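K.L.:
Quick one: the structure is below, and I'll ask about it shortly.
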Amino acid sequence: MDAGKHKPLKGLDNARATAWEARAYQGITSMVWRRFRRHPGAMVGTIILGILVLSVILAGLSPYDPEKSDILNKLQPPSWGHPFGTDPLGRDLLTRVLYGGRISLRVGLMAMAITLVIGIPVGILAGYFGGWVDNVLMRITDTTLSLPVLFVLILLGAILRETELPIAENNNVLTIAVVIGLLSWMTTARLVRAAFLTIREMDFIVAARGIGASNLRIMVRHILPNAVGPIIVEATLEIGNAIMQEAGLSYLGFGIRPPTPSWGNLLSNAQAHLTKHPWLAIFPGLMIFLTIIPVNYIGDGLRDAFDPFKVLEQIGE
Amino acid sequence: MGHYITRRLLQAVPMLFLVSVILFTLVNIAPGGPMAGLTRSRPKPGRIEMLKHQFGLDKPLPMQYVIWLIGNDWMKVDADGDGVAESRGERRGILRGDFGFSYRTRRPVLDEIMGRLPNTIYLMSITLIVVILIAIPIGVISAVKQYSVFDIIVTTLSFMGQAIPEFWLGMILLIVFYAWLDNPFTGKPLLPPGGMQTLDAGFSIGDRIKHLILPVTMGAVGWVAWYSRFLRSSMLDVIHQHYITTARAKGLAERAVLYRHALRNAAIPLVTMFALDFPYVVAGSVFVERIFSWPGMGRFFYQSAEKRDYPVLMAILIIVAAITFAANLMADIVYAFLDPRVRYD
Chain C
0 MDAGKHKPLK GLDNARATAW EARAYQGITS MVWRRFRRHP GAMVGTIILG
50 ILVLSVILAG LSPYDPEKSD ILNKLQPPSW GHPFGTDPLG RDLLTRVLYG
100 GRISLRVGLM AMAITLVIGI PVGILAGYFG GWVDNVLMRI TDTTLSLPVL
150 FVLILLGAIL RETELPIAEN NNVLTIAVVI GLLSWMTTAR LVRAAFLTIR
200 EMDFIVAARG IGASNLRIMV RHILPNAVGP IIVEATLEIG NAIMQEAGLS
250 YLGFGIRPPT PSWGNLLSNA QAHLTKHPWL AIFPGLMIFL TIIPVNYIGD
300 GLRDAFDPFK VLEQIGE
Chain W
0 MGHYITRRLL QAVPMLFLVS VILFTLVNIA PGGPMAGLTR SRPKPGRIEM
50 LKHQFGLDKP LPMQYVIWLI GNDWMKVDAD GDGVAESRGE RRGILRGDFG
100 FSYRTRRPVL DEIMGRLPNT IYLMSITLIV VILIAIPIGV ISAVKQYSVF
150 DIIVTTLSFM GQAIPEFWLG MILLIVFYAW LDNPFTGKPL LPPGGMQTLD
200 AGFSIGDRIK HLILPVTMGA VGWVAWYSRF LRSSMLDVIH QHYITTARAK
250 GLAERAVLYR HALRNAAIPL VTMFALDFPY VVAGSVFVER IFSWPGMGRF
300 FYQSAEKRDY PVLMAILIIV AAITFAANLM ADIVYAFLDP RVRYD
């Protein structure tokens, strides 16, 4: 470790080192990265996630076509030729799962982006201006929070299923991401609002106002960079959440529809074959599981890395 | 406090109206509109217009909304299709408890809902009880023995529990307990794959329990993971407080310290969480009910969505939204009641 100068007491090793490094090094990015590195779950998670993302990107290398059926080979159990087995139409499951991963990751990232695009401005406006702006925005947020998420997702999915507008063309990833994002921005908005409410009162903001900084400048250039911690954590967890919701929606038939593979609709197709061909259900779900766990661990690691009170906790306050 | 409650209730009313307007609009802008659920195959040209007229769907949207809300028995309606409005309408509107008729079965929506609601409440309350019975001890012990082997195992398992897709878990449970394992006595599958009870077998507690095990497990895992983590962190906050040290210094038995003082305070946020999860008890889990063929609200919503049965969808959505508002308010009130430091005025 960088802080070799200190002979740390047992148990206080991390805390001493962190405190030393926090003083010695500037810049929140390096501090956060260093603390993140120390979180074993987060590091393992990053590696696993990296492997997953890589294999999903490389899905095109597969010799099998994810959508072309090959009835001769249908419903084969896992073998060397087909590591995950084949589905009722003879398609290689591993290939389909990897292609499905592409969709899930895209939906996850897009939904996260939409959550941020809606949630951050709402939170900023509510937290910075307060007053009736805050009131109105919070009422809207609370109203949206009171809607039962899965039910509304199903409703929107059902409506979009019928629409012939180009925005809702079959299996449009963006549409699903928008639908999911529309129901997930509220937590981010609340977080941002809370951060802004706190930071707004600090002296350096008063000073900035005093030298004539415009509201926009203060919001974006001064407050927002200091509020970035919880936002990043929330965004990370939101990716996992979005992947889970897309899978659920597709499983119910209101998201991505066959023949395009998605982890959710792979599970839906597997339901009829649980007794005789369980691999159809085991592998897609396993992929969802193995994707969300590292995402959660990374989120947890980030949360710990950003937490200003962690050092005190380890010293044993 | 009374002021606060009144204020919240007054705020809830326009918000509920807003929600109902949003939902009503969503449902009606679907292409094919509400008609999509009424006609199965390609109907004769005149039939659509006739059905539209009969259901009052050719009126302007705001008018339809008003009728949905307060009914049309205060005005004249054209019931026999001759273009002349001469008979009184029959709808009394949501505000008077008339949720309309299902497009699919033509029966009153309220009857359909009441047929399913008890089943969902039955399943979800048992799930909730199991969750509480497991999550609380786990959370407490995990916090008290922080960083012990138990704690590490439990924390890891909770992490996993939160990452498991519910529907996948259900399938895995089915694979293991229905497809693979067999009852050593009868040679048949160990646990049933669905339904609330074995049909035409009369009432038997053992039978009911067998049918409950898998759905409850499927629903409980995620919940237990979430609650136990939450309780653990809440307990950790409480345990380090000075009054706990004082209680111990006074010579109080450890169990009393934990349960009478620490847990009581740590449980407060959990009670709030629990109150916020209450709407879920009514709405049911679509996934659990679909995989295990449980005749409840979740599956009903799903089936109605498939068939575009909009009156049912609207009714369920607005009921759940109203219950959510009520639950949020209850959560805040209970929180203020349990924690004297909290004041809303």
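Taken in sequence, the protein lines are chains C and W.
Per numbering that gives the first Met the number 0, the first sequence starts with residue 0, numbered consecutively.
Per numbering that gives the first Met the number 0, the second sequence starts with residue 0, numbered consecutively.
Yeah, the Cβ is synthetic: ideal placement off N, Cα and C, and Gly gets one too.
The model shown is predicted, which means the values in this text are computed figures rather than measured ones.
Apart from the five residues on each side of it in sequence, which residues of its chain come closer than 6 angstroms, Cβ to Cβ, to Met14(W)?
P.N.:
Hits under 6 angstroms: none found.
K.L.:
Helix, strand or coil for Asp57(W), going by three-state DSSP, please let me know.
P.N.:
In this structure, Asp57(W) counts as coil in the three-state DSSP scheme.
K.L.:
Give a yes or no on whether 8 angstroms exceeds the smallest Cβ distance from Met243(C) to chain W.
P.N.:
So yes, Met243(C) belongs to the interface.
K.L.:
Does the Cβ of Pro307(C) have 16 or more other Cβ atoms within 10 Å, making it buried, or fewer, making it exposed?
P.N.:
Exposed is the call here.
K.L.:
Can you check which of these residues, Leu275(W), Asn27(W), Val215(W) and Thr5(W), is closest to Thr323(W) by C-alpha distance?
P.N.:
Closest by alpha carbon: Leu275(W).
K.L.:
Counting only the same chain and skipping the five closest in sequence on each side, list residues whose C-beta sits under 8 angstroms from that of Ala321(W).
P.N.:
The residues are Leu15.
K.L.:
If we ignore side chains and look at the alpha-carbon of each, how far apart do Thr85(C) and Thr259(C) end up?
P.N.:
Whole-angstrom Cα-Cα distance: 15 angstroms.
K.L.:
Does DSSP put Pro260(C) in a helix, in a strand, or in coil?
P.N.:
It is coil, neither helix nor strand.
K.L.:
Run down chain C in chain order and give the residues with a C-beta less than 9 angstroms from the C-beta of Phe158(W).
P.N.:
In chain order: Gly40, Ile292, Asn295, Tyr296 and Asp299.
K.L.:
If you draw a straight line from the C-alpha of Leu223(C) to the C-alpha of Val232(C), how long is it?
P.N.:
The alpha-carbon atoms of Leu223(C) and Val232(C) are separated by roughly 15 angstroms.
K.L.:
Between Arg231(W) and Ala325(W), which are expected to be in contact by the criterion C-beta below 8 angstroms, what is the C-beta distance as a whole number of angstroms?
P.N.:
Arg231(W) to Ala325(W), Cβ: 29 angstroms. No contact.
K.L.:
Assess, as a yes-or-no matter, whether the stretch 124-137 of chain W is touched by the stretch 244-258 of chain W under the definition of 3 or more beta carbon pairs within less than 8 angstroms.
P.N.:
Flag = no, the stretch 244-258 of chain W and the stretch 124-137 of chain W do not touch.
K.L.:
Can you tell me whether Phe299(W) is buried or exposed? The criterion is at least 16 other CB atoms within 10 Å of its CB, across all chains shown.
P.N.:
Phe299(W) is buried by the Cβ-count criterion.
K.L.:
Which of the residues in the stretch 246-276 of chain C, read from start to end, lie with their CB under 9 angstroms from any CB of chain W?
P.N.:
Here the close residues are Ala246, Gly247, Tyr250, Leu251, Gly252, Phe253, Trp262, Gly263, Leu266, Ser267, Ala269, Gln270, Leu273, Thr274 and Lys275.
K.L.:
Name the one or two DSSP bridge partners that Asp120(C) has.
P.N.:
Before going on, a small fix: residue 120(C) reads as Pro here, not Asp. Answer by DSSP bridge pairing: none, since Pro120(C) is not bridged.
K.L.:
Please return the same chain residues whose Cβ sits closer than 6 angstroms to the Cβ of Ala246(C), not counting the five positions on each side in sequence.
P.N.:
Cβ within range, chain order: Trp262, Gly263 and Ile287.
K.L.:
Compare the C-alpha of Thr187(C) against each of Arg199(C), Leu159(C) and Ile238(C) and name the closest.
P.N.:
Ranking Arg199(C), Leu159(C) and Ile238(C) by Cα distance to Thr187(C) puts Ile238(C) first.
K.L.:
According to DSSP, is Thr197(W) helix, strand or coil?
P.N.:
Three-state result, Thr197(W): coil.
K.L.:
Is Ile179(C) closer than 8 angstroms to Ala241(C) when the C-beta atoms are compared?
P.N.:
The answer is yes: Cβ separation under 8 angstroms.
K.L.:
Tell me the DSSP bridge mates of Phe300(W)?
P.N.:
Note: Phe300(W) sits in no beta bridge, so no partner.
K.L.:
Do we get a CB-CB distance below 8 angstroms when we pair Tyr301(W) with the residues of chain C?
P.N.:
It does: the Cβ of Tyr301(W) has a partner Cβ on chain C nearer than 8 angstroms.
K.L.:
On a CA-only basis, which of Asn225(C), Val172(C), Leu279(C) and Leu289(C) is nearest Thr197(C)? Give me that one, please.
P.N.:
Of the candidates Asn225(C), Val172(C), Leu279(C) and Leu289(C), the one whose C-alpha sits nearest the C-alpha of Thr197(C) is Asn225(C).
K.L.:
Of all the residues that make up the stretch 316-327 of chain W, which are near chain C by a beta-carbon distance shorter than 8 angstroms?
P.N.:
Per Cβ criterion, the list reads Leu316, Val319, Ala320, Thr323, Phe324 and Asn327.
K.L.:
Of the choices Ile117(C), Ser249(C) and Val205(C), whose alpha-carbon is the least far from that of Trp184(C)?
P.N.:
Closest by alpha carbon: Ile117(C).
K.L.:
So, for Gly126(C): in the same chain, excluding its five sequence neighbours on each side, which residues have a beta-carbon less than 6 angstroms away from its beta-carbon?
P.N.:
Contacts found: Arg192, Phe195 and Leu196.
K.L.:
What are the partner residues of Thr45(C), as DSSP defines its beta bridges?
P.N.:
DSSP lists no partner for Thr45(C).
K.L.:
Verify whether the separation of the beta carbon atoms of Ser68(C) and Gly89(C) is less than 8 angstroms.
P.N.:
Contact: yes.
K.L.:
Could you give the distance in angstroms between the alpha-carbon of Met0(W) and the alpha-carbon of Met123(W)?
P.N.:
For Met0(W) and Met123(W), the distance between alpha carbons rounds to 32 angstroms.
K.L.:
Classify Tyr226(W) as buried or exposed, calling it buried when 16 or more other Cβ atoms lie within 10 Å of its own Cβ.
P.N.:
With 16 or more other Cβ atoms within 10 Å, it is buried.
K.L.:
Just confirm the distance between the C-beta atoms of Gln244(C) and Met170(W), as a whole number of angstroms; I'd bet it's less than 8 angstroms.
P.N.:
Wrong, their Cβ atoms sit about 18 angstroms apart, outside the cutoff.
K.L.:
Using 8 angstroms as the threshold, is the stretch 100-107 of chain W in touch with the stretch 269-283 of chain W, meaning 3 or more CB pairs across them?
P.N.:
Short answer: they don't touch.
K.L.:
From Gly107(C) to His241(W), what distance separates their C-alpha atoms?
P.N.:
Computed Cα separation, rounded: 44 angstroms.
K.L.:
Please compile the residues from chain W whose C-beta is within a distance smaller than 8 angstroms of the C-beta of Thr140(C).
P.N.:
Result: empty, since nearest Cβ-Cβ is about 11 angstroms, beyond 8 angstroms.
K.L.:
If the cut-off is 8 angstroms on Cβ atoms, which residues from the stretch 167-190 of chain C count as contacting chain W, listed in chain order?
P.N.:
Those would be none; no residue qualifies.
K.L.:
Threshold first: 4 residues or longer. Then list the alpha helix (DSSP H) segments lying entirely within the stretch 256-303 of chain C, N to C.
P.N.:
For the stretch 256-303 of chain C, whole alpha helix (DSSP H) runs of length 4 or above, ordered along the chain, are 262-269.
K.L.:
Can you tell me whether Pro13(W) is helix, strand or coil according to DSSP?
P.N.:
Looking at Pro13(W) - three-state DSSP - the assignment turns out to be helix.
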